[in-house]
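Report on the structure given below.
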Amino acid sequence: MLVESPEAPRRSRTKKLDEKKGSRTKSVSKSKSAKKRKPAPPAARKRRRGPTPPGTDDSELTQQVLTPRAFVIRKSSIAGRGAFAKRAIDKGVRVAEYTGVRMTPDEADDMYPFPEDGKPHHTFLFNVDDNTVIDGSREGDPSRFINHSCDPNCETVIEEDRVFVDTIRKIAADEELVYDYQFVLEEPHNAANRKLYPCYCGAKKCRGTILADKRKFKG
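With my numbering, the residue at position 183 of the sequence shown is 186, and numbering never jumps.
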């Protein structure tokens, strides 16, 4: 089962870095949302039926991932484990790359079918484009533990068909890193489906679910 989400800009070296936030293109029902800013792929990397391979030239990225890693993984009050800042981190810092096994949306749907028992659904899937989903639970890095929040301090950005996590404000030492997953389902975002994707971030304006507000994506 696919999830429909609107087109979003991708980041390129020639574009301004303050473009408006967007959501992803089609994704499976469990994959997270990202800001996409990138020019059309070169002829050598045209879309194909299988998953899109990631770019390998780091010089094409607008910035590099901060090293050594600026966060640690430990128990979170939001959900399971989370990522917490080892030290203060400035706004606009690239703290992680979301990695894992790449597959097609159909393969992801077969591996992680939509729940029919009414129980909350949880995966580590992240959509890159119409052809590609990253499964962070397989060969993934610790960024898969970054939790959702309706009041995020980070955002996800896609460059060179790779997914990165950038800070959008200054983060204090020991603060949990979070971004808005903005899941979009093909199915209605009704009460029953919202319960399958609950949010426990505790923000003042928490919408109670990690599903996005579909009204913002109409047009």
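Ideal Cβ placement from N, Cα and C applies to all residues, glycine included.
Review point. Since G85 and N156 are thought to touch, with beta carbons under 8 Å apart, how far apart are those beta carbons, to the nearest angstrom?
Key: Your pair G85 and N156 does not check out as a contact, with CB atoms roughly 12 Å apart and the cut at 8 Å.
Exercise for review: Under 7 Å Cβ to Cβ from K33, same chain only, skipping five residues before and after it: list those, please.
Suggested key: The pLDDT assigned to K33 is 43, lower than 50, so where the model puts this residue is not dependable; a value taken from the coordinates is nonetheless given after this. Result list for K33: Y115, H124, T126, L128, in chain order.
**Study point:** Host beta strand (DSSP E) of L180 (start-end)
**Key:** It spans 179-182 - the beta strand (DSSP E) in which L180 sits, taken as one unbroken run.
Exercise for review: Count the other C-beta atoms from every protein chain shown that fall within 10 angstroms of the C-beta of S80, then say buried if there are 16 or more, exposed otherwise.
Suggested key: By the neighbour-count criterion, in which a residue is buried when 16 or more other Cβ atoms sit within 10 angstroms of its Cβ, S80 is exposed.
Review point. I think T135 touches P54, with their Cβ atoms under 8 Å apart; what is that distance to the nearest whole Å?
Key: Cβ atoms of T135 and P54 come within 8 Å of each other, at about 4 Å.
Check your understanding: Helix or strand or just coil, what does DSSP make of A111?
Key -> Three-state result, A111: helix.
Review point. Span of the alpha helix (DSSP H) holding D198?
Key: Note that residue 198 is Lys in the sequence shown here, rather than Asp. Residues 194-199.
Check your understanding: How should E3 be labelled, buried or exposed, when 16 other C-beta atoms within 10 angstroms of its C-beta is the threshold for buried?
Key -> Since the first residue shown for the chain is 4 and the last is 222, residue 3 is missing from the structure and cannot be characterised.
Exercise for review: Put R141 into one of helix, strand or coil per three-state DSSP.
Suggested key: Of the three classes helix, strand and coil, the one that applies to R141 here is coil, per DSSP.
Practice item. Evaluate the contact criterion for the stretch 65-77 versus the stretch 87-94: three or more CB pairs, one atom per stretch, below 8 Å. Key: In short, these stretches touch, since the Cβ pair count reaches three.
Exercise for review: Since I believe D133 is in contact with C204 (beta carbons under 8 Å), could you give me their beta-carbon distance rounded to a whole number of angstroms?
Suggested key: Not confirmed; about 29 Å, so no contact.
Check your understanding: Which residue from V181, F117, Y101, R77 puts its Cα closest to that of E190?
Key -> Here the closest residue by C-alpha is F117.
Practice item. Quick one: residues in its chain with C-beta nearer than 8 Å to the C-beta of K78, no 5 flanking neighbours on either side, listed in chain order? Key: Within the same chain, K78 has close Cβ partners R84, G85.
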